[in-house]
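Residue numbers (the numbering used here), protein chains in the order written: chain B, 298 to 737; chain X, 29 to 339.
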């Protein structure tokens with residue numbers, strides 16, 4: 298699964314509009330040379346400017362480090378004596394390492410967490426709530442998409458805010474549409490428009506080995522979206538019951554099984570040998586359901602000049618899943634106050650705007666995203682920003698990874714057509730419910 | 029994960045115990061760095077793993093003693109037998125490389141062969157190259173639509189399968205790479221063994237009128253059996269520990285749906301221990317792998333008397 302997002306960077310907060318509030322908070326804290334504290338009391342005071350500390354900041358995306366360094370330079374103008382070491386671990390091993398660190402209480406002071414892993418850490422008391430920062434006004438939840446705020450709240454307690462977000466759109470190869478003589482999509486297209494276009498392109502360009510669409514095994518970019526569009530859900534809102542046995546959810550899965558069965562998409566085997574994004578960037582597939590993070594890959598590919606982005610087609614309703622990474626403070630951090638000050642700074646408008654201006658990531662702070670929309674001239678990246686309005690939360694529970702593994706082992710049987718969707722989905726639901734029951 | 033150290037069987041030198049006694053603590057002092065390393069990095073982990081296999085772990089550490097519960101669950105888990113079967117299949121295919129290696133090694137040892145060192149390097153290269161890099165290349169070779177293997181097969185009228193994404197074929201594909209990359213190492217060992225066969229034996233055989241094939245069967249192979257035995261042991265242990273090559277070629281369940289049906293024992297261990305974070309259960313799997321390798325190796329040492337010539 299692809300859970301990737303990238304943010305940009307930030308700058309001195311004091312010079313901005315928020316300065317007043319922060320200034321007051323600083324004065325109120327009385328420059329009491331010692332650091333502030335949070336925790337059970339749920340209060341937060343910004344630590345004094347001359348706080349001395351050395352922090353570790355754990356992240357997984359090397360491409361964002363430049364923007365992070367820029368953020369940290371801004372942070373150090375405020376807190377010159379807090380040294381921050383950025384620790385990059387590749388995504389593949391990030392959570393394996395994090396789990397080991399959490400087990401031995403050696404987590405980085407501040408680190409990235411994603412939706413599927415958040416509740417596991419929060420429910421085991423590994424991350425610090427931001428109750429205090431919210432109460433003191435240092436972090437204002439309404440500045441971020443509420444679907445993403447919800448992703449990082451558990452049992453009514455908020456543990457972090459998003460630093461960035463990603464939504465899903467349809468990346469289209471205009472040249473292949475033209476070759477097949479199919480009209481380009483309209484922004485308000487529906488499932489049947491999509492299916493027709495995919496089928497036509499596949500049949501017209503079959504001789505060249507070109508397909509209309511690349512179906513998927515990756516939930517985030519494919520079936521999670523269609524499940525939401527058909528009115529179903531992967532998991533219920535409080536993360537206690539699987540939605541796979543509902544009729545609407547099955548319809549969302551059938552969207553993909555039909556595309557594969559009808560030959561509009563390569564088979565699951567073909568998609569294993571050559572991934573969907575590779576099919577698309579090598580000009581062998583006309584439509585690719587991809588995240589906003591695909592911009593760099595698509596932009597760097599040989600088909601870049603033929604690319605356009607459209608919103609996902611409507612089913613019963615319009616929907617996309619939204620995901621974003623959050624900065625969270627380790628509950629066991631020895632420099633908690635300093636780590637929280639950094640957390641607050643990275644959540645600020647200035648920090649996020651800098652991230653957006655510098656990188657390929659969409660910052661989460663409302664109103665800082667224009668740089669991303671313009672980052673590839675001629676391509677309507679605004680689609681990904683507008684998608685926030687109809688975005689649904691990323692499906693998670695306390696131990697998301699456990700049933701993610703089930704999706705990976707069960708669903709391919711449905712996609713390959715070796716078992717009926719209903720049978721696979723019912724079976725998946727009962728196994729998933731058994732796992733969810735174990736999650737206390 | 030289990031690791032074993034192997035010593036080619038050697039007859040104990042007579043009078044050795046006496047020597048030890050006379051030298052007192054000195055010999056121990058000299059081997060202590062090695063012993064310490066083995067104790068810290070091999071023995072202690074094995075003992076710990078054995079203990080952990082009797083415990084159940086929380087997500088973030090903290091274990092409770094649950095007796096043989098992990099083993100009860102493990103023996104009822106169809107994945108264990110699947111993984112065992114897959115591992116045996118892989119081992120079987122890779123073992124086909126041993127006779128091949130004997131054949132190639134003696135060809136390379138032909139007196140007067142030109143470019144012998146060049147061929148030797150050629151065969152040994154896969155062993156030196158990074159497994160991940162090798163895996164990347166083979167992934168491309170195996171690609172169902174665009175891979176060169178299926179392209180060549182099409183040339184002779186065969187529609188090749190999707191090697192790495194078809195259950196059944198996936199394991200065979202990995203084993204082909206395993207066989208290919210182990211060939212060089214086996215050949216080096218066997219080549220060294222060949223050098224130890226006295227040339228007079230061949231001369232004598234030739235005088236008796238033995239043709240090359242007869243010489244190979246009656247002189248080379250019998251006198252090579254100690255080396256063949258060593259290669260077999262190493263190959264089987266290595267095959268039972270299959271993981272990195274498989275992981276790099278087939279990928280993870282998120283990217284390849286055949287993984288759940290193509291687990292090897294160590295892949296199964298990895299999934300339970302590091303993906304599902306069921307450390308106690310994974311420890312039990314590790315113990316099973318350890319015991320299986322132990323038994324297989326023991327059986328081989330028993331059988332060796334039947335076929336390995338000791339001069």
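Even glycine gets a Cβ: it sits at the ideal position worked out from N, Cα and C.
Just so it is clear, the structure is predicted and the values come from calculations on it, not from any experiment.
(message) Please tell me whether residue 293 (chain X) and residue 82 (chain X) are closer than 8 angstroms, where the distance is taken between their beta carbons.
(response) One-based indexing of the second chain puts residue 293 (chain X) at position 265. One-based indexing of the second chain puts residue 82 (chain X) at position 54. No. Outside cutoff.
- request: Identify the contact partners of residue 172 (chain X) in chain B, using a Cβ-Cβ distance below 7 angstroms as the criterion.
  value: Walking along the second chain from the start, residue 172 (chain X) turns up at place 144. Under a criterion of Cβ atoms nearer than 7 angstroms, the residues of chain B adjacent to residue 172 (chain X) are, in order, 566, 567 and 570.
| said: Counting only beta-carbon separations shorter than 8 angstroms, does residue 4 (chain X) have a partner in chain B? | reply: Nothing about residue 4 (chain X) can be reported from this structure: the residues present for chain X run from 29 to 339 only.
Notebook entry, point to check: In chain X, what lies closer than 8 angstroms to residue 423 (chain B) by C-beta?
Noted result: Taking the first residue of the first chain as position 1, residue 423 (chain B) is located at position 126. What residue 423 (chain B) touches in chain X: 88.
Does the contact criterion of 3 or more C-beta pairs under 8 angstroms hold for the stretch 538-556 of chain B versus the stretch 700-718 of chain B?
yes
* **Within the stretch 161-240 of chain X, ranges of the beta strand (DSSP E) (whole runs, at least 3 residues)** => Within the stretch 161-240 of chain X, no run of beta strand (DSSP E) reaches 3 residues while sitting entirely inside it.
Which chain B residues are close to residue 190 (chain X), counting only those with a beta carbon under 9 angstroms from its beta carbon? Taking the second chain and counting its residues from 1, the one referred to as residue 190 (chain X) is at position 162. Those within 9 angstroms of residue 190 (chain X) in chain B are 564, 566, 567, 569 and 570.
- Taking only beta-carbon atoms, is residue 323 (chain B) less than 8 angstroms away from chain X? Reading the first chain from its first residue, position 26 is the one you call residue 323 (chain B). Per-residue confidence for residue 323 (chain B) stands at a pLDDT of 38, beneath the threshold of 50, marking its modelled position as unreliable; no derived number is given.
Of all the CB atoms in chain X, is at least one closer than 8 angstroms to the CB of residue 709 (chain B)?
The sequence position of residue 709 (chain B) within the first chain is 412, counting from 1. With 8 angstroms as the cut-off, residue 709 (chain B) counts as an interface residue toward chain X.
- Can you find a CB in chain B that lies within less than 8 angstroms of the CB of residue 73 (chain X)? The count along the second chain starts at 1 and reaches residue 73 (chain X) at position 45. It does not: the Cβ of residue 73 (chain X) has no partner Cβ on chain B nearer than 8 angstroms.
ask   = Are the C-beta of residue 303 (chain X) and some C-beta of chain B separated by less than 8 angstroms?
value = The count along the second chain starts at 1 and reaches residue 303 (chain X) at position 275. Cβ-Cβ to chain B under 8 angstroms: yes for residue 303 (chain X).
CB contact below 8 angstroms: residue 514 (chain B) versus chain X:
Counted from its first residue, the first chain places residue 514 (chain B) at position 217. At least one chain X Cβ lies under 8 angstroms of residue 514 (chain B).
*Going along chain B in order, which residues have a C-beta closer than 8 angstroms to the C-beta of residue 194 (chain X)?*
For the purposes of this step, residue 194 (chain X) is taken as residue 166 along the second chain, with counting starting at 1. The contacting residues are 566.
Could you say if the stretch 391-408 of chain B and the stretch 618-628 of chain B meet the contact criterion of at least three C-beta pairs nearer than 8 angstroms? Taking 8 angstroms as the limit for Cβ pairs, the verdict is that the stretch 618-628 of chain B does touch the stretch 391-408 of chain B.
Return the residues of the stretch 365-399 of chain B that lie within a Cβ-Cβ distance of less than 7 angstroms from chain X, sorted by chain order. Going along the stretch 365-399 of chain B in chain order, one finds 393, 396 and 399 with a Cβ nearer than 7 angstroms to chain X.
| message | Check for me: the alpha helix (DSSP H) holding residue 669 (chain B) runs from which residue to which? | response | Position 372 of the first chain holds residue 669 (chain B). Counting along the chain, the alpha helix (DSSP H) containing residue 669 (chain B) begins and ends at 667-670.
*asked:* Output needed for residue 230 (chain X): all residues of its chain with C-beta closer than 8 angstroms, excluding positions within five of it in sequence on either side, in chain order.
replied: Working through the second chain from its first residue, we reach residue 230 (chain X) at position 202. Result list for residue 230 (chain X): 243 and 247, in chain order.
For residue 95 (chain X), does the three-state DSSP call read helix, strand or coil? Here residue 95 (chain X) refers to the residue found at position 67 of the second chain. Collapsing the DSSP output to three states places residue 95 (chain X) in coil.
- Query: In this structure, does DSSP put residue 373 (chain B) in helix, strand or coil?
  - Reply: Against the first chain, residue 373 (chain B) aligns to sequence position 76. Helix.
If you measure from the beta carbon of residue 725 (chain B) to each beta carbon in chain X, is any gap under 8 angstroms?
On the first chain, residue 725 (chain B) is found 428 positions in, with the first residue counted as 1. So, not an interface residue.
Determine the closest residue to residue 379 (chain B) out of B:385, B:387, B:662 and B:370, with distance taken between C-alpha atoms. Position 82 of the first chain, counting from 1, holds the residue named residue 379 (chain B). When only C-alpha atoms are compared, the closest one is B:370.
Start-to-end residues for the alpha helix (DSSP H) that takes in residue 329 (chain X): Stepping through the second chain from its first residue, residue 329 (chain X) is reached at position 301. Residues 307-335.
Open item on the list: Determine, for residue 61 (chain X), whether the minimum Cβ-Cβ distance to residues of chain B falls below 8 angstroms.
Closed with: The count along the second chain starts at 1 and reaches residue 61 (chain X) at position 33. No, residue 61 (chain X) does not count as interfacial toward chain B.
Problem set entry | Boundaries (first-last residue) of the beta strand (DSSP E) holding residue 605 (chain B) | Here residue 605 (chain B) corresponds to residue number 308 of the first chain, with the count starting at 1. 604-607 is the span of the beta strand (DSSP E), which, as asked, contains residue 605 (chain B).
Point to revise | Contact with chain X by residue 519 (chain B), beta-carbon distance below 8 angstroms | key: As a first step, residue 519 (chain B) is located in the first chain; it is residue number 222 there, counting from the start. Residue 519 (chain B) does not count as touching chain X.
>> With a threshold of 8 angstroms between beta carbons, is residue 285 (chain X) in contact with chain B?
In response: Your numbering for residue 285 (chain X) matches position 257 in the second chain. Output row for residue 285 (chain X): interface = yes.
Endpoints, the beta strand (DSSP E) within which residue 617 (chain B) is located:
In the first chain, residue 617 (chain B) corresponds to position 320, counting from 1. Annotation for residue 617 (chain B): the continuous beta strand (DSSP E) segment containing it runs 617-619.
- Query: In this structure, does DSSP put residue 468 (chain B) in helix, strand or coil?
  - Reply: Here residue 468 (chain B) corresponds to residue number 171 of the first chain, with the count starting at 1. Of the three classes helix, strand and coil, the one that applies to residue 468 (chain B) here is strand, per DSSP.
Fill in: Simplified DSSP state of residue 461 (chain B), which is helix, strand or coil
Within the first chain, numbered from 1, the residue matching residue 461 (chain B) stands at position 164. Strand at residue 461 (chain B).
- prompt: What residues in its chain sit with their C-beta under 7 angstroms from that of residue 333 (chain B), if we drop five residues either side in the sequence?
  reply: Counting from 1 along the first chain, the entry for residue 333 (chain B) is found at position 36. Confidence is the limiting factor: at residue 333 (chain B) the pLDDT is only 38, short of 50, which leaves the residue's position unreliable, though a coordinate-based value still follows. 326, 341, 342, 343, 344 and 634, listed in sequence order.
| Among B:416, B:468 and B:529, which one has its Cα closest to the Cα of residue 512 (chain B)? | For the purposes of this step, residue 512 (chain B) is taken as the residue at position 215 of the first chain. It is B:468.
Could you confirm whether any beta carbon from chain B is found closer than 8 angstroms to the beta carbon of residue 288 (chain X)?
Within the second chain, residue 288 (chain X) is the residue found at index 260, counting from 1. Residue-level contact check: residue 288 (chain X) touches chain B, since one or more beta carbons of chain B fall below 8 angstroms from its beta carbon.
Exercise. Three or more beta-carbon pairs under 8 angstroms between the stretch 631-648 of chain B and the stretch 480-497 of chain B, yes or no?
Worked result: Under the Cβ criterion (8 angstroms, minimum of three pairs), the stretch 631-648 of chain B does not count as touching the stretch 480-497 of chain B.
- Task: Using a Cβ-Cβ cut-off of 8 angstroms, state whether residue 699 (chain B) counts as contacting chain X.
- Result: The residue given as residue 699 (chain B) occupies position 402 in the first chain. By this cut-off, residue 699 (chain B) is an interface position.
- Would you call the stretch 184-192 of chain X and the stretch 217-236 of chain X in contact, with 3 or more CB pairs under 8 angstroms? The stretch 184-192 of chain X, when compared against the stretch 217-236 of chain X, does not touch it at the 8 angstroms Cβ threshold.
Alpha carbon of residue 727 (chain B) to alpha carbon of residue 539 (chain B), nearest angstrom
Locating residue 727 (chain B) in the first chain gives position 430, where the first residue counts as 1. Locating residue 539 (chain B) in the first chain gives position 242, where the first residue counts as 1. As the crow flies, the alpha-carbon of residue 727 (chain B) is around 8 angstroms from that of residue 539 (chain B).
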